[in-house]
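Chemist:
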Amino acid sequence: MVSIKNTERRPLTRREEFFCWHYAATQNAREAAVKAGFNPLLAERSAVRLLKRAEVCARIGELTQRKGSTKDVCKGLERLAFGSVADAVALLLAEDSGTLNPEKLDLFSIAEIKKPKGGGFEIKFYDRLKALEALASLESERQADGAAPFYAAIEKGVCALKQAAAEDEDELQ
6 MVSIKNTERR
16 PLTRREEFFC
26 WHYAATQNAR
36 EAAVKAGFNP
46 LLAERSAVRL
56 LKRAEVCARI
66 GELTQRKGST
76 KDVCKGLERL
86 AFGSVADAVA
96 LLLAEDSGTL
106 NPEKLDLFSI
116 AEIKKPKGGG
126 FEIKFYDRLK
136 ALEALASLES
146 ERQADGAAPF
156 YAAIEKGVCA
166 LKQAAAEDED
176 ELQ
């Protein structure tokens, strides 16, 4: 017996759309599935199933094309510079109780986590000042890029005026 696979595309659910967004941002299928609300114990299986669907892959492709823009880089730097560290503090405080699910915490601003032999945690955060400096640098580049065509237009106008003035002088002589 030959089975015919249903190739009809259906619209993505909200959770599948969230998966696409998170996967495009992280390129980590398991993490994207968990952040999209899938069961953490079945996250890998759910992610594989989603990545086999053509409409999911197409949506991820669309989102990935947009991802590389300076705007996305700025968003990440802003998140590092101004983001909350509340979840990291909650993780530190809940060390013994184990009540927090690390999959649900926003640990974006953490660069490194160590658990020394003596107990406890060491958490190293990304440098907020460096993130701010990078944001300032990107902003100055953006302003310079925006100003370059303006200055080029002014220079072109000045050259045209000089040429017109030279032609007028030639006519007067």
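According to the numbering used here, the sequence shown is numbered sequentially starting from 6.
We put the beta carbon where it would ideally sit given N, CA and C, even for glycine.
1) For residue 24, which of helix, strand or coil comes out of DSSP?
2) Where does residue 94 land, buried or exposed, given buried means 16+ other C-beta within 10 angstroms?
3) At a cut-off of 8 Å, is residue 32 close to the ligand NAP when judged by its beta-carbon and the heavy atoms of the ligand?
4) Are the segment 76–90 and the segment 132–144 touching by the rule of at least three beta carbon pairs closer than 8 Å?
5) Give every residue of the same chain whose Cβ lies closer than 7 Å to the Cβ of residue 26, excluding the five residues on either side of it in the sequence, and list them in chain order.
6) When you compare only the Cα positions, how much space is there between residue 97 and residue 39?
7) With respect to the beta strand (DSSP E) encompassing residue 130, which residues constitute its N-terminal and C-terminal limits?
8) May I have the straight-line CA-CA distance separating residue 122 from residue 129, to the nearest angstrom?
9) Can you check DSSP and say which residues form a bridge with residue 159?
10) So, for residue 55: in the same chain, excluding its five sequence neighbours on each side, which residues have a beta-carbon less than 6 Å away from its beta-carbon?
11) What does DSSP give as the partner residue(s) for residue 119 in the beta ladder?
12) From residue 64 to residue 31, what does the alpha carbon distance come to, in whole angstroms?
13) Use the C-beta contact count for residue 161: other C-beta atoms within 10 angstroms, 16 or more gives buried, fewer gives exposed.
14) Quick check on the DSSP output: the alpha helix (DSSP H) that includes residue 90 runs from which residue to which?
15) Report the three-state DSSP secondary structure of residue 63 (helix, strand or coil).
Modeler: Per the coordinate set shown:
1) helix
2) exposed
3) This structure lacks the ligand NAP; in fact it carries no ligand of any kind.
4) yes
5) 68
6) 22 Å
7) 127–130
8) 17 Å
9) Paired residues: none, contrary to the question.
10) 24, 61
11) 127
12) 15 Å
13) exposed
14) Run containing residue 90: none; DSSP gives neither H nor E here.
15) helix
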